[in-house]
Amino acid sequence: MAQRKGGSKAGRLENLAWGVDDRLGAAAFLKRNLTKAFPKHWSFLLGEIALYSFIVLLITGVFLTLFFKPSGAEVVYEGSYTQLRGVRISEAYASTLHITFDVRGGLLMRQIHHWAANIFLAAIAIHLMRIFFTGAFRKPREINWLIGVTLLVLALAEGFAGYSLPDDLLSGTGLRIMAGIVQSIPVVGSYLVMFVFGGEFPGTAEFIPRLFTVHILLIPGLLLALIIAHLMILWHQTHTQWPGRGRREQKVTGEPTFPAFAAQSGAYFLFTFGFLALMAALFQINPVWLYGPYEPDEVSFGSQPDWYVGFLEGSLRIMPRLETTLWGHTVSWNVLAPAVILPGVFFTLLALYPFFERWATGDERVHHLLDRPRNAATRTAIGAAVIVWYGNLWAAGGNDIIAWVFHIPLFWTTWFFRVGFFVFPIVAFVVTRRICLSLQRRDLRQRKEGVESGLISLTPDGGFTERHERSSDERAALLQTRQPRELLAAYPHHILPMPTPGRVRTQARTRANRFYLDYQVLSQGGGQGRADGASPRQRAQIEGPPVEDAAQRSDGSRLARLRRFVGRRRGKR
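Note that this note's numbering has the sequence shown beginning at 389, numbered continuously upward.
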């Protein structure tokens, strides 16, 4: 290597850069990756909000850790807040009051931290919804979808742990509910409560240090590792992009990472930090000094958790009383079902949804182009039903407040949300799918007739007609999407159809496929891939190669062998 010289500051920086490149090969890596394209669309910035909120949480969390004392030992409060002077409180609650009233900027930092936690969870939820409705979870991004769902679950646990640390009356009420939920688990529930709290609730002075360790070390470490893994996979697989003119599965178009996206990303982080600081300065959140210290025999009227665990509160409130006693053990289904089984099933189904859709549709292709939600009507309807179901549970968490404010009997509100638990998602599914089909038909009409020009022509017989113009190339590209074709029904394994495992499995897949794709007949194309009225060549381009199931091939070959065998037997006769 030729010797590089330079005595100036620029020369020294150049020598440093060459030295790093000689040892790590950084130049080739940066040249290859700094020009990666980032799509220009506002929906791609939803994940950025979650990332920047997490960074703000780390910064403010380090500041709060310097002053917070994670101890459940009792002390006599002698601080600046006169309303609690002389009251015996835990050291954790006393240090929280000290941060609030005696540390310069402490209240602002506390509120930034709390608002950032709320925005972090909201951004993750909205980002997951964007991924779901646009089909960005499809192959090859199933792993990132699993990471995203895991991040959501960990963020819920992290938010609840941080919410419970101050040891005030409101957070203690939440811990009391959590202890009851853990205790409802059959056989091991009582042992788990003793393990978590270091004894019977409210536990010993060791509980808050344990919770503090989980909040600042264990869960943040997992979150940080998963976020890094998420970004690395995203960088390797490249971004998805919306369909449009000149866009295809093999190439992503957009702004280069450096300098365009880097400058935009830096400014967006500062904007997010500033917005959180503005919210913390103007809007009060979690005033723990007004709640007082936690006492196991006290609870304040109108106690409500943070919004992200409100659905668990609602599920507990609307669940009817139901218990089962077996062999001397009582199973409290009114706590176990809504607070343990329900969220466990929900998050499991959420994580496995990409694999179910791929199995149902038979779509094994690699996707980098997003779906318009209207073009995947069943998926969009499922998402809308889940949102309505979650919203019903979330609203049920405040049924007492609703009854008190609107002067409605609590019995009525409880039964309203019980009925809504089953009815509202079905209504949302049907209405959403019909709306998507209507939008598909409108797209089909635009593709066939063009768009309205606003020009009225007078016909020779005295009538009036409006001229239609051809859609723009960008609009026309949106109207042509590719979807997998319908799977064929399974052939029987025998002359008399028998419910063999393979046949049942194939028929279940066929019915799931029809559940996703049969509605396309109603829309008569509509950009869904049916291509009604198209030429054979256009139909082949839109539909792509037919999707064939391995079970169907095996069923067909067995039926063919059976027919040949019957033919040979008849020939011998």
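We put the beta carbon where it would ideally sit given N, CA and C, even for glycine.
Remember, predicted model here, so these are calculated numbers, not experimental data.
| Item | Value |
| --- | --- |
| Three-pair Cβ contact test at 8 Å for the segment 596 to 612 versus the segment 716 to 728 | no |
| Coil, strand or helix - V602 by DSSP | helix |
| Sub-8 Å separation of I487 and F508 beta-carbons | no |
| Contact between the segment 501 to 516 and the segment 437 to 450 (3+ Cβ pairs under 8 Å) | yes |
| N-terminal and C-terminal residue of the alpha helix (DSSP H) that L700 is part of | 698 to 706 |
| DSSP state of P934 mapped onto helix, strand, coil | Summary for P934: the model assigns pLDDT 44, below 50, so the residue's position carries little reliability; its value from the coordinates is reported in the next sentence. The answer is coil: DSSP assigns P934 none of H, G, I, E or B. |
| Opening and closing residue of the alpha helix (DSSP H) in which D661 lies | For clarity, residue 661 is Phe in the given sequence; the question names Asp instead. Note, F661: alpha helix (DSSP H), 650 to 670. |
| CA-to-CA distance, P693 to R526, given in whole angstroms | 35 Å |
| Buried versus exposed call for L563 [16 or more other C-beta atoms within 10 Å across all chains shown] | buried |
| Alpha-carbon to alpha-carbon, I615 and E336 | Only positions 389 to 961 of the chain appear in this structure, which leaves residue 336 out of reach. |
| Buried or exposed (CB count within 10 angstroms, at least 16 for buried), D555 | buried |
| Three-way DSSP call (helix, strand, coil) for E745 in this model | helix |
| Candidates F804, R762, G850: closest to I350 by CA position | Residue 350 cannot be examined here, being either before or after the span of the chain that is shown, 389 to 961. |
| Three-state secondary structure (DSSP) of L757 | strand |
| N-terminal and C-terminal residue of the alpha helix (DSSP H) that F799 is part of | 798 to 837 |
| Selected residue, minimal CA-CA separation from H717, among L798, T592, S578 | S578 |
| Delimiting residues of the beta strand (DSSP E) encompassing S720 | 717 to 720 |
| DSSP three-state assignment for E479, whether helix, strand or coil | helix |
| Nearest to W792 (by Cα), restricted to the options F689, R518, R893 | F689 |
| Simplified DSSP assignment, three categories, for F585 | helix |
| Simplified DSSP state of F689, which is helix, strand or coil | coil |
| Presumed contact (8 Å Cβ cut-off) between V640 and H627, rounded CB distance | 6 Å |
| Same chain, Cβ closer than 6 Å to V909, five either side skipped, listed in chain order | With a pLDDT of only 43 at V909, under the threshold of 50, the placement of this residue in the model should not be trusted; the figure read from the coordinates follows. So the list is empty, once near-sequence residues are dropped. |
| Buried versus exposed call for I844 [16 or more other C-beta atoms within 10 Å across all chains shown] | exposed |
| Alpha-carbon to alpha-carbon, W782 and W695 | 8 Å |
| Three-way DSSP call (helix, strand, coil) for I573 in this model | coil |
| Per-residue DSSP class, three states only, for H856 | strand |
| L542 and L439 closer than 8 Å at C-beta | no |
| Segment limits, beta strand (DSSP E) that includes I712 | It should be noted that the sequence gives Thr, not Ile, for residue 712. Here the beta strand (DSSP E) through T712 covers 711 to 714. |
| Pair within 8 Å by beta-carbon distance, L866 and P631 | yes |
| Spatially closest choice to M620 from G808, S860, I535, by CA coordinates | I535 |
| Boundaries of the alpha helix (DSSP H) in which E462 is found, first to last residue | It is not in any alpha helix (DSSP H) - E462 instead sits in the beta strand (DSSP E) that spans 462 to 464. |
| Given 8 Å, three or more beta-carbon pairs between the segment 807 to 822 and the segment 732 to 739 | no |
| Integer-rounded CB distance, given that P731 should sit under 8 Å from L700 | 7 Å |
| Top-ranked residue by Cα proximity to T768, from W777, W800, I796, R821 | R821 |
| Endpoints, the alpha helix (DSSP H) within which I621 is located | 607 to 625 |
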